[in-house]
Structures are given as structure tokens and as C-alpha cells.
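Comments concern the structure below.
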Amino acid sequence: MQFRIESLTQSDAETIATWHYDGEYAFYDAEADADDLAELLDPTLRGDSMFGVRDGASELVGFFAFQVADGVLDYGLGLRPDLTGRGLGEDFARAGLDFAKTRFSAKTIQLHVAAFNKRAIKVYQRIGFREVEYYMNRTNGGEFEFVRMELMDT
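Numbering of the sequence shown is given in my numbering, commencing with residue 107 and proceeding in unit increments.
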């Protein structure tokens, strides 16, 4: 699948807010955390940190989020729910990573993933990330274990 990355429109943000993932992955629904939902839907809060991802037919297939502070780029991503678990994750994650490397200047690229999400962790490891820290994070109305991963070859 080809991926075209562009600025996230308000319409894209509203569409992403309606996405619902199955089972334990519902953890990633935008509405699962009020602060995350507000940031997604409010252009002022969102700023220019989020990008929509379209396929060759111009369908919205996901999003990337990038925030740079003190030489560290935080990389976030989401694939449309009906496309998860279909072997697209590695190419999708690489597309965002390649985009970030050309657009942002950072000494370190990192991401944060819920520790239960072994499927995503394996994808991130295949594209060069390594686990560097496990920590507890308050989100989605509770406290959950997360993994901070860093890219080994920035």
C-alpha cells in the first residue's frame, strides 16, 4: 500500500475521533481519554503536530503525530481500525519514520506504547526501535504500564 502524508484536516480529525478498535485495542480509541480527544479535535491544541495518511485512492488510512523537544522527537501513530492486524503495520510505521527523519531535526526518536500491545512492540522492534524503559502512566481513567522505545539508528 502506498502512503501519502499530509497536514491533518479538521475533517480528518473528526473522522479519526469516530474510529473504534476491537477488544483490548479499544484502549486506543480517541474518546477513551478526554485530553487526547480534545487535543485531536481542537486545531489550536493540535497545532501542526499531526498528519493524515492517505492511500493511493486518497482514503484516510491513519495518522502520525510528532513532537520535538530538547532534541527528542516523540513519534505517535495510528492505523485505521479495519486495517490493523493485516500485515500493514511495518510499512505504515516506516513511512512515518522516514517522513519524520526528513522533516524534523532530532538526536533521538522515541515512541511510547502500552505494554500489553505486543503486536505493535514487535513491529517497532523490526523497524529499529528497542525497549528502554517500562513505566506507569495515568490515562484513559486509570494507570497503565507503558514502554518507552528508542530508535537505535537515528
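We put the CB at the ideal spot given by N, CA and C, even for glycine. Note that the coordinates shown come from a computational prediction; the quantities given were computed from them, not determined experimentally.
Assigned exposure category for residue i - 16 Cβ within 10 Å defines buried
i      : result
Gly232 : Note on residue identity: the sequence assigns Arg, not Gly, to residue 232. With fewer than 16 Cβ atoms within 10 Å of its Cβ, Arg232 is classed as exposed.
Tyr240 : exposed
Ala119 : buried
Val238 : exposed
Ala136 : buried
Whole-angstrom C-beta distance between residue j and residue i, which should lie under 8 Å
i      : j      : result
Val167 : Arg152 : Not a contact, Cβ separation roughly 19 Å.
Ile122 : Phe169 : 6 Å
Leu68  : Gly184 : No answer is possible for residue 68: it lies beyond the span of the chain, which begins at 107 and ends at 260.
Gln108 : Gly162 : 5 Å
Met258 : Glu249 : Actually they do not touch by this definition, with Cβ atoms about 29 Å apart.
Ala226 : Phe252 : At roughly 11 Å, the Cβ-Cβ gap does not stay under 8 Å, so Ala226 and Phe252 are not in contact.
Asn223 : Asp139 : So it is not a contact: roughly 15 Å between Cβ atoms.
Which listed residue (the options) has its alpha carbon closest to that of residue i
i      : options                           : result
Arg160 : Thr124, Ala220 and Gly202         : Gly202
Gly193 : Phe235, Tyr230 and Glu130         : Tyr230
Ser211 : Val174, Asp141, Glu237 and Leu189 : Val174
Leu189 : Asp259, Phe252, Asn243 and Tyr127 : Tyr127
Ser117 : Glu256, Glu165, Phe109 and Gly234 : Glu165
Phe172 : Phe198, Arg209 and Ala140         : Arg209
Arg254 : Leu217, Trp125, Phe109 and Thr124 : Leu217
Residue i (DSSP reduced to helix, strand or coil)
i      : result
Phe133 : helix
Phe210 : coil
Ile215 : strand
Distance cut-off 7 Å: residue i Cβ against heavy atoms of the ligand SAH
i      : result
Arg152 : Of ligands this structure carries none, so the ligand SAH is not represented either.
- Query: Would you call the segment 173 to 183 and the segment 133 to 152 touching, i.e. three or more CB-CB distances under 8 Å?
  - Reply: In short, these stretches do not touch, since the Cβ pair count stays below three.
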